[in-house]
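Reading through the structure tokens given below for one structure.
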Amino acid sequence: MAFSVLPIIDLQTGQVQFTVQGRWHTRYIADPAHLERLVSRSSRRPVFDPRGGELVVFLAAAGQPDGRRCAFRLAKFPGTIALARVRG
Numbered sequence: 001m002a003f004s005v006l007p008i009i010d011l012q013t014g015q016v017q018f019t020v021q022g023r024w025h026t027r028y029i030a031d032p033a034h035l036e037r038l039v040s041r042s043s044r045r046p047v048f049d050p051r052g053g054e055l056v057v058f059l060a061a062a063g064q065p066d067g068r069r070c071a072f073r074l075a076k077f078p079g080t081i082a083l084a085r086v087r088g
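Here the sequence shown stands for residues 1 to 88, numbered as in UniProt numbering.
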């Protein structure tokens, strides 16, 4: 099941944030500027598919009333756990 979302895109860090059913999700994308350009040209709100971890943007296209589908695979953003330990 996919959910309609309005993503917040951080161009510096690559973070993509949005809410699904009242819960905030933070993911990462390697090329945030490309995603931002396509979202700004989208014909309707993007949808997020949690099973595949994809954000789908629909672009206006001749002969395609629903728009041309463009999917972005989003990576889970590292949590608050330490990725490295310093030994004293």
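The beta carbon of each residue, even a glycine, is placed where N, CA and C say it ideally should be.
Just so you know, these numbers come straight off a predicted model, no measurement behind them.
Asked: Classification of L11 by the beta-carbon crowding that lies within 10 angstroms, buried from 16 upward; Found: exposed
Asked: Spatial distance of V39 from P46 (CA atoms); Found: 7 angstroms
Asked: Beta strand (DSSP E) runs contained entirely in the segment 8-59, provided each spans 3 or more residues; Found: 15-20, 23-28 and 47-49
Asked: Cα-Cα separation between I8 and T19, rounded to whole angstroms; Found: 10 angstroms
Asked: Whole-angstrom distance between E54 and V16, CA atom to CA atom; Found: 12 angstroms
Asked: Extent of the continuous beta strand (DSSP E) to which A71 belongs; Found: Q64 to R73
Asked: Backbone secondary structure at A61 - three-state DSSP; Found: strand
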